[in-house]
Structure formats: C-alpha cells, structure tokens
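Counting in the numbering used here, the sequence shown runs from 409 upward without gaps.
Every residue gets a Cβ at the ideal spot worked out from N, C-alpha and C, and that includes glycine.
Worksheet: one structure, shown below.
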Amino acid sequence: MKNKKYYLICSILIILIAIFGTTLYFNQNIKENIIEENIEKPREKTLDEKVEEEISKMSLEEKIGQLLIISYRNKEYTTELDSILKQVKPSGFILFSENITTYENTTNYIRQIKSTSSIPMFISIDQEGGNVQRIKNLPDANVLSIPNMYKLGQTKNTALSKNVGGVLASEIREFGINLDFAPVLDIFSNPNNKVIGQRAFGSNASLVTEMALHFAKGMESNGVIACFKHFPGHGDTNEDSHIKLPIVYKTKEQLYQRELIPFKSASQNNASMIMVAHIALPNITGNYIPASLSKDIVAGILRNELNYNGVVITDSIEMKALSDNYTLKEICNLSLNSGVDIILMPENPILAVKNIKELIFEGSISEERIDESVKRILLLKYNKGLYEENELNKENIGTPEHKQVLNQIK
C-alpha cells in the first residue's frame, strides 16, 4: 500500500515537473518571439542608396571615366585599345563599321572590351535604318536592312513603328549591343537639309513624336536603350555639323512651336537618354556657343523647362563644329558645366580624363557635379539590366518573323 502511495506521489511530481517545464519552454519562446519582432530588421537599400554607395567607393579617375564613351576605328582589338580601356575605364564604347567584320569577330571584340571593366559598359552604335546602319548583312549573319524612318513615318502606323524598333533592337542585341543612338526626333522641315533628310520620320511634329516614341518603346522592350537625338532639333539647318557649325536663328518661342514638341514628349515619357546637337542658337543664347556646350540650352531648356532628369550625351565631339573651334579641355569644361552627363568620342580619351581632372583641381568643375552625372549613368545601367549578363543567340538574327514585320513598310 505504501509502495502504491509512493509511486502515485512520484507520478504526480513527474507530471507537474513536465507541465512546469513545458510552460516555461513555451513562455521563453513567446518572449524570444516578442523580442525578435521588436528588433528592427535591417532595411533593404534602395537603388539610389546602392548607387551612391558604389560611387563613394570609386576613385576620381573611375568617376571621370564614366563620363566618356570612346571609339577606336580598327577591326582588330589591339594592345593600344586594351591599354586605353584599362587606363580610362570609360562608360562605354561606340562601334563603327571598321569594328564590324563578321558576327564572330564582332562579338569577340565586344567581349574583350567588356572584360576590361568591373562596371558594365554601354556598347553603343548608330543603327537608325536607311543610310545610317553600321551593321549590315555579314558573311556569317543575315542582319536585316531597316528602311529609312521617313518611309516608316509615311505609314503613320505607330504599332508598326514599335514592331520595327523591336526588330532592330532584337538583331543588334545579339551582338552584345545595349545602346543605340536612335531614333531621330528631328523634324524634316528644310528641304536643303542634307544631314537629316529621310532619317526623320516626317515633317510634322505630331507624327514624328508618335512614331519615334513607339519606335523607342519597341527597342527598349527588346533590350536596347534608345537615345533620342538631336536636341533641340537639327531638322531646319543648312549646314552639316560634321563639317562646320550650323546656325539656327529661331527664337525660343519658335522652337516650342515645332522643334521642341517631340523632345518635350520624350521627357514626359521618361526617355532614357537624349543627345544634344552641335548647333548654335544666337537668338536664344545671345552667342554662338553650340547647344552641346551651352548652359542656356542644356540646363536652361532641357533640364529646367522640359524637366528632363535622364542622361544627356553630346553628339560626337570629333565633329568639326566643335573640334575646329574649341580645345578638348574647353569642350569638357563647357559641356559638363552645361548639364551634359556623357561626352561622346573624345579623340584622345586619356587626355580627356587628364583635362577633366585638372578642371576639378582648378575649381572649374566641382566633384559634386561629376557625382551627379555618374549617378544618372549608373542608375540607367542598373534600370536597363546592364548589370545582368545576357546570352547571345545568332539564330535570332534575320528570322522570318522579323522579315514579315519589315515587309509591312510599303
């Protein structure tokens, strides 16, 4: 009997201990959970913060390099080019027909260029259609020829324009190209204008706007950044800025009535990049400084009045409208202080970096101004997927589907 009582007491004690232990365990867990919930988890950084952190780790020379897209007109990837790329660390490279021989050679060329930089590079080209097509049919790739934009504009078919932009982008993307200096937003309003002509979608501001914006949407939805050009409008010039400085005597009010309409719309539709022309507008600026170097045009009209916050790039600074009238250091100083982000094609990229560095040390350009441009550039590279590696597939070039789209341009 005593044994039974003893066992009963022991059993009750064991049960009580188990209940107490379980309660204690659960209470402890509840407390830990409450504490964990009250501890603030680290907030994920915004893209702006990531980019700012990246910029803070860059040297001054690396930041300056992001302000340049360079060229090298040679079919071979030489030790000279390799040295320039590794010294300058440019934001990007622009391809010309001299760099393009076969599909295999061109893609290898681009891979070598990209391998020199830890920051992804703009691999850019002028591939508009019509007479401006750097990549044409190659021995080992049937790249389709895009008709000129004037012919496309005559269809007045915005859906077709978007599809044609998509075809163009799909074909050049397979080379590793991610930026195209197209479409043209100029209005073909001067029959004596030989530099724009049928590169424009038409002579009507509304038509040019609609066709170009849809063309750009087609490009960007197929992996290639569109760059609208040539701000504030190159369609009513007589001179070719490749040869000499064109002068446009229109007032600002006149530009707003026509030339600026497409650019205003592009800005409102978050254009990724806008190229500024080498044209003088003395009735707006009071001088003959080209738009690409003018604070009145870039900061005043494009940035402040049209509220454009995207990347601004100059037209090629090798063009005689600039190179015959300004030194490289003057071009760097004026363009960057005007609100430009990227200088296109300095003839001597190493000297350009040296010049910009000197301008900063002299106090002519602030490092904050440089950081502002670098931030815009890196944000564009992140937002357009340049930090992600894409596989190339030659089979996507010259497809029956692409031909079918182009055959609709009558």
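Per-residue DSSP class, three states only, for residue i
i, result
"Glu452", "coil"
"Asp490", "helix"
"Thr722", "strand"
"Phe583", "coil"
"Val748", "coil"
"Val551", "coil"
"Leu546", "strand"
"Asp594", "coil"
"Gln816", "coil"
"Asp779", "helix"
"Ser772", "coil"
"Val540", "strand"
Opening and closing residue of the beta strand (DSSP E) in which residue i lies
i, result
"Met681", "Met681 to Val684"
"Glu825", "Residue coverage of the chain in this structure runs from 409 to 818, which leaves residue 825 outside it and unanswerable."
8 Å Cβ cutoff met for residue i and residue j
i, j, result
"Gly537", "Phe596", "no"
"Ser532", "Phe589", "yes"
"His638", "Asp704", "no"
"Lys792", "Ile655", "no"
"Val719", "Gly473", "no"
"Ile758", "Leu767", "no"
"Val592", "Arg607", "yes"
"Pro528", "Leu736", "no"
"Asn601", "Thr645", "yes"
"Asp548", "Thr510", "yes"
"Leu476", "Val496", "yes"
"Glu579", "Ile778", "no"
"Leu689", "Lys658", "yes"
"Thr524", "Asp490", "yes"
"Gly610", "Gly561", "yes"
"Tyr716", "Ile687", "no"
"Ile721", "Cys635", "yes"
"Ile463", "Lys471", "yes"
"Ile521", "Ile543", "no"
"Lys564", "Gly626", "no"
"Glu506", "Arg481", "yes"
"Gly394", "Leu800", "Any answer about residue 394 is impossible in this case: the structure gives the chain only from 409 up to 818."
"Leu568", "Gln816", "yes"
"Val684", "Ala699", "yes"
"Leu468", "Glu780", "no"
"Phe530", "Asn586", "yes"
Enclosing alpha helix (DSSP H) for residue i [first to last residue]
i, result
"Ala624", "Ala613 to Glu628"
"Gln562", "Met557 to Gln562"
"Pro528", "Careful: Pro528 lies outside any alpha helix (DSSP H) and carries neither H nor E."
"Lys728", "Lys728 to Ser731"
Any non-hydrogen atom of the ligand SAH within 7 Å of residue i CB
i, result
"Leu587", "Among the components modelled here there is no ligand, and therefore nothing to report on the ligand SAH."
| task | Spell out a yes or no on whether the segment 450-468 and the segment 728-739 are touching, meaning 3 or more CB-CB pairs, one atom from each, closer than 8 Å. | result | With the cut-off at 8 Å, the segment 450-468 and the segment 728-739 do not touch.
Hey, is the segment 799-818 in contact with the segment 563-580, meaning 3+ C-beta pairs nearer than 8 Å?
-> yes
Should the segment 740-757 be regarded as contacting the segment 781-795, the criterion being three or more beta carbon pairs within less than 8 Å?
Contact between the segment 740-757 and the segment 781-795 is present: 3 or more CB-CB pairs across the two stretches fall below 8 Å.
Taking 8 Å as the cut-off, does the segment 654-669 touch the segment 613-620 (at least 3 CB pairs, one atom from each stretch)? Verdict: yes, contact present.
Check: What residue ranges within the segment 460-510 form continuous beta strand (DSSP E) runs of no fewer than 3 residues, ordered along the chain?
Finding: 476-478 and 500-503
**OP:** Give, in chain order, every unbroken run of the beta strand (DSSP E) that is at least 3 residues long and sits entirely within the segment 634-719.
**Re:** Runs of the beta strand (DSSP E) lying entirely within the segment 634-719, each at least 3 residues long, are 681-684 in chain order.
Specify whether the segment 547-567 and the segment 483-503 touch according to this definition: at least 3 beta carbon pairs, one from each stretch, less than 8 Å apart. no
For this session: Mind the definition here: the segment 729-743 touches the segment 674-681 only if three or more C-beta pairs lie below 8 Å; say whether that holds.
Result: no
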